[in-house]
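Trainee: Each residue of the sequence shown is one higher than the one before, starting from 40 at the first, in this note's numbering. Using N, Cα and C, we set each Cβ at its ideal position, and we do this for glycine too. Pasting a structure below so you can have a look.
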Amino acid sequence: MVNNKFYLYNTLTKQVDEFIPREKDRVSMYTCGPTVYHYAHIGNLRSYIMEDVLEKFLRYIGYDVKRVMNITDVGHLASDGDTGEDKMVAGAKREGKTVMQIAKFYEDAFFEDCRALNIKTPDVVEPATNCIDEYIKLIEKLFENGYAYEAGGNIYFDTSKLADYYALTGHSSDDLLVGVRDDVEADGNKRNKSDFVLWFTKSKFDSQELKWDSPWGVGYPGWHIECSAIGMKHLGEHLDLHCGGVDNIFPHHTNEIAQSEAAIGHGWCRHWFHIQHLNDRAGKMSKSKGNILTVSVLKEKGYDPLVYRMFCLKSHYRKPLEFTFDTLDNAKAEYDRLKNRVAAIADEGELDERAFDEYRERFIENVGNDMNTSLGLTVLYDVLKADISGKTKLALINDFDRVLSLDLTGGAKQEHSDELTEYVERMIAERAEAKKNKDWARADEIRNELAEKGITLKDSKEGTSWTKA
Ligand code: AMP
Ligand code: ZN
Numbered sequence: 040m041v042n043n044k045f046y047l048y049n050t051l052t053k054q055v056d057e058f059i060p061r062e063k064d065r066v067s068m069y070t071c072g073p074t075v076y077h078y079a080h081i082g083n084l085r086s087y088i089m090e091d092v093l094e095k096f097l098r099y100i101g102y103d104v105k106r107v108m109n110i111t112d113v114g115h116l117a118s119d120g121d122t123g124e125d126k127m128v129a130g131a132k133r134e135g136k137t138v139m140q141i142a143k144f145y146e147d148a149f150f151e152d153c154r155a156l157n158i159k160t161p162d163v164v165e166p167a168t169n170c171i172d173e174y175i176k177l178i179e180k181l182f183e184n185g186y187a188y189e190a191g192g193n194i195y196f197d198t199s200k201l202a203d204y205y206a207l208t209g210h211s212s213d214d215l216l217v218g219v220r221d222d223v224e225a226d227g228n229k230r231n232k233s234d235f236v237l238w239f240t241k242s243k244f245d246s247q248e249l250k251w252d253s254p255w256g257v258g259y260p261g262w263h264i265e266c267s268a269i270g271m272k273h274l275g276e277h278l279d280l281h282c283g284g285v286d287n288i289f290p291h292h293t294n295e296i297a298q299s300e301a302a303i304g305h306g307w308c309r310h311w312f313h314i315q316h317l318n319d320r321a322g323k324m325s326k327s328k329g330n331i332l333t334v335s336v337l338k339e340k341g342y343d344p345l346v347y348r349m350f351c352l353k354s355h356y357r358k359p360l361e362f363t364f365d366t367l368d369n370a371k372a373e374y375d376r377l378k379n380r381v382a383a384i385a386d387e388g389e390l391d392e393r394a395f396d397e398y399r400e401r402f403i404e405n406v407g408n409d410m411n412t413s414l415g416l417t418v419l420y421d422v423l424k425a426d427i428s429g430k431t432k433l434a435l436i437n438d439f440d441r442v443l444s445l446d447l448t449g450g451a452k453q454e455h456s457d458e459l460t461e462y463v464e465r466m467i468a469e470r471a472e473a474k475k476n477k478d479w480a481r482a483d484e485i486r487n488e489l490a491e492k493g494i495t496l497k498d499s500k501e502g503t504s505w506t507k508a
């Protein structure tokens with residue numbers, strides 16, 4: 040049962056709305072998955088981290104979530120205007136492999152990155168090439184309802200048939216029209232510049248590897264139709280939540296809404312969640328621009344991938360985030376300090392249920408205020424400072440970590456100078472000797488001397504470990 044209110048910015052209404060799914064206590068959630076022609080860069084992964092927090096938060100406050108994600112392995116062309124080469128074909132050429140080989144390779148690599156970042160795999164993961172029949176059925180429905188037309192061998196969606204094609208973007212300014220953007224080549228077959236391809240039968244690329252039979256000839260689906268059809272296949276005609284990075288708003292999500300609602304004849308998705316971009320100094324990180332940083336690169340440089348998760352959680356998902364190694368180093372220092380403080384908490388005392396509930400409420404209120412993860416972290420720091428038992432602190436930390444997924448109770452993260460390590464270990468050995476000789480005064484003296492230097496000792500069956508605040 041869900042008792043808490045959750046407020047979330049909705050790109051469709053352009054305001055922070057109370058999140059109310061169609062069915063009580065259940066959420067249907069769709070996520071645009073990766074185009075698997077290259078490694079995911081850490082910008083893509085910012086989006087997947089924030090979507091993961093959103094899904095986990097919904098579960099945390101009691102929703103039963105069904106989340107579906109596609110894998111784009113066909114039909115995503117180099118340009119938003121339905122021209123240029125299929126990104127998958129370009130990727131296969133680049134590597135001298137088949138499209139299916141690179142799809143498998145980069146899909147596996149994507150999920151490996153997700154695992155390293157503690158991103159949960161959605162309940163359903165569906166490669167686009169699995170659902171050709173579904174696209175054909177949906178396009179047939181669009182013909183039946185008068186929204187599709189054939190031109191120059193391709194099947195297009197006629198956007199002029201809709202009263203509010205630009206509902207998601209909020210304005211219909213000319214610069215949004217893909218056909219007139221500088222970087223977009225015009226497709227002369229389109230009746231209206233904003234029309235888009237549903238099915239390519241006459242690809243100008245003979246190298247297109249994957250093609251299927253259809254009522255309109257051999258061809259392949261457009262990118263947008265994939266997400267509408269895969270969403271409907273697994274979640275039916277109503278979606279509560281749809282997510283992606285802000286670059287997906289136009290034209291991808293705009294076109295998804297157009298074709299879905301034209302086919303089903305009613306509203307489709309109530310809440311749209313978009314994550315702002317991760318930029319580096321050269322601008323938006325983008326697979327096609329080649330300025331990509333991956334999880335493997337971070338690992339090679341010695342960073343725990345969860346440091347990057349921390350880096351993302353420290354900022355609000357609706358603000359662009361600039362990546363530099365200096366700011367990542369700050370996140371690393373903070374993450375290490377946090378883990379060390381948690382490792383120093385002794386699991387002792389009684390569980391204070393009142394305090395537990397109070398802090399949990401505060402956490403829900405803060406994260407539930409438009410996914411304010413950095414305020415969620417503030418509540419976590421308040422728990423660390425609170426005058427409550429170690430048992431209560433650890434229970435709260437584990438509880439919050441169901442959403443944050445930072446492995447907070449997974450042990451200390453320390454890198455100390457040799458000098459410090461040598462000193463502390465010498466003192467620990469001396470203390471053990473003092474205890475053996477029942478010299479309790481000297482043992483306490485050593486503990487206090489170390490405590491003054493911010494070093495906490497923890498005794499266990501395995502011996503004495505230490506952490507530094
Ligand atoms: P793609 O693999 O290009 O289809 O993109 C996968 C996801 O990453 C989509 O939700 C995009 O909107 C998102 N995305 C792409 N570039 C960035 C970026 N620089 N920062 C954050 N999200 C991004
Ligand atoms: Zn999509």
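Return helix, strand or coil for Ile467, following the three-state DSSP convention.
Mentor: In the structure shown, Ile467 sits in a helix (DSSP, three-state: H, G or I).
Trainee: Which of the three DSSP states, helix, strand or coil, is assigned to Asn294?
Mentor: Note: Asn294 maps to helix in three-state DSSP.
Trainee: What's the gap between the Cα of Ile296 and the Cα of Trp255?
Mentor: If you take the alpha carbons of Ile296 and Trp255, they lie about 23 Å apart.
Trainee: Nearest by alpha-carbon distance to Lys143: which of Val113, Pro161, Leu156 and Asp121 is it?
Mentor: When each option's Cα is compared against that of Lys143, the closest is Val113.
Trainee: Is Cys523 near ligand 2, going by C-beta to nearest heavy atom under 6 Å?
Mentor: Nothing about residue 523 can be read from this structure; the chain reaches only from 40 to 508.
Trainee: Are the Cβ atoms of Thr70 and Glu90 separated by less than 7 Å?
Mentor: Contact flag set, yes.
Trainee: Quick check on the contact list: which residues have their beta carbon closer than 5 Å to a heavy atom of ligand 2?
Mentor: Selection output, chain order preserved: Cys71 and Cys266.
Trainee: Taking Cβ positions, are Ile88 and Cys351 nearer each other than 7 Å?
Mentor: Contact: yes.
Trainee: May I ask you to report which of helix, strand or coil DSSP gives Phe312?
Mentor: Correct three-state label for Phe312: strand.
Trainee: Taking 6 Å as the cut-off, does the CB of Asp478 come closer than this to any heavy atom belonging to ligand 1?
Mentor: Asp478: no, Cβ never under 6 Å from ligand 1.
Trainee: CB-CB under 6 Å to Val164, same chain, minus the five flanking residues each way: which ones, in chain order?
Mentor: These residues qualify, in order along the chain: Met108.
Trainee: I believe Thr74 touches Lys126 by the beta-carbon criterion, under 8 Å. Please report the beta-carbon distance rounded to the nearest angstrom.
Mentor: Confirmed, Cβ separation roughly 5 Å.
Trainee: Considering only the alpha carbon of each residue, which of Ala301, His310, Ile314 and Gly123 lies closest to Asn49?
Mentor: When only C-alpha atoms are compared, the closest one is His310.
Trainee: Take every Cβ of the stretch 181-195, pair it with every Cβ of the stretch 147-161, and state whether three or more of those distances are shorter than 8 Å.
Mentor: Because the criterion of three Cβ pairs below 8 Å is not met, the stretch 181-195 and the stretch 147-161 do not touch.
Trainee: Less than 6 Å separating the Cβ of Thr160 from some heavy atom of ligand 1?
Mentor: Flag unset: Cβ of Thr160 not near ligand 1.
Trainee: Terminal residues of the continuous alpha helix (DSSP H) containing Ile485?
Mentor: Looking at the DSSP string, the run of the alpha helix (DSSP H) that includes Ile485 is Trp479 to Glu491.
Trainee: If Val128 sits next to Ser246, beta carbons under 8 Å apart, how far is it from one beta carbon to the other, in whole angstroms?
Mentor: Contact holds; Cβ gap of about 6 Å.
Trainee: Return the residue from the list Lys474, Ala206, Leu435 and Tyr188 that minimises the CA-CA distance to Arg230.
Mentor: Taking only the C-alpha atoms, the option nearest Arg230 is Tyr188.
Trainee: Identify every residue that forms a DSSP beta bridge with His281.
Mentor: Paired residues: Tyr69 and Trp311.
Trainee: Determine the DSSP secondary structure at Asn49, reduced to helix, strand or coil.
Mentor: Reduced to three states, the DSSP call for Asn49 is strand.
Trainee: Mapping the DSSP letters down to three states, classify Asn42 as helix, strand or coil.
Mentor: Correct three-state label for Asn42: coil.
Trainee: Measuring only from the beta carbon, is Thr366 closer than 6 Å to any heavy atom that is part of ligand 1?
Mentor: Result no, Cβ not under 6 Å from ligand 1.
Trainee: Report the partner residues of Val104 according to the DSSP bridge assignment.
Mentor: Answer is Val66, bridged to Val104.
Trainee: On a CA-only basis, which of Ser354, Asn42 and Asp252 is nearest Arg85? Give me that one, please.
Mentor: It is Ser354.
Trainee: Quick check: is any heavy atom of ligand 1 less than 6 Å from the C-beta of Gly82?
Mentor: Yes, Cβ of Gly82 sits closer than 6 Å to a heavy atom of ligand 1.
Trainee: For Ile171 and Tyr46, I'd like the C-alpha separation in whole angstroms.
Mentor: Cα-Cα distance, rounded: 37 Å.
Trainee: Please confirm whether any heavy atom of ligand 1 lies closer than 6 Å to the CB of Asn294.
Mentor: Incorrect: Asn294 has no Cβ contact closer than 6 Å to ligand 1.
Trainee: Could you give the distance in angstroms between the alpha-carbon of Arg65 and the alpha-carbon of Ala167?
Mentor: Between Arg65 and Ala167, the C-alpha separation is close to 26 Å.
Trainee: Judging by CA-CA distance, which residue of Ile494, Ser118, Pro60 and Gly449 is the nearest neighbour of Gly101?
Mentor: Checked all of Ile494, Ser118, Pro60 and Gly449; the closest Cα to Gly101 is Pro60.
Trainee: Answer yes or no: the CB of His77 versus the heavy atoms of ligand 1, is any distance below 6 Å?
Mentor: No, ligand 1 has no heavy atom inside 6 Å of this Cβ.
Trainee: When you compare only the Cα positions, how much space is there between Ala383 and Asp162?
Mentor: One C-alpha to the other measures close to 36 Å.
Trainee: Taking 6 Å as the cut-off, does the CB of His316 come closer than this to any heavy atom belonging to ligand 1?
Mentor: The answer is yes for His316.
Trainee: Between the C-alpha atoms of Gly261 and Asp375, what's the straight-line distance to the nearest angstrom?
Mentor: Roughly 45 Å separates the two Cα atoms.
Trainee: Which one or two residues does DSSP pair with Gly258 in a beta bridge?
Mentor: Note: Gly258 sits in a beta bridge opposite Trp251.
Trainee: Less than 6 Å separating the Cβ of Met324 from some heavy atom of ligand 1?
Mentor: Yes.
Trainee: Would you mind reading off the limits of the beta strand (DSSP E) that contains Phe239?
Mentor: Its beta strand (DSSP E) spans residues Phe235 to Phe239.
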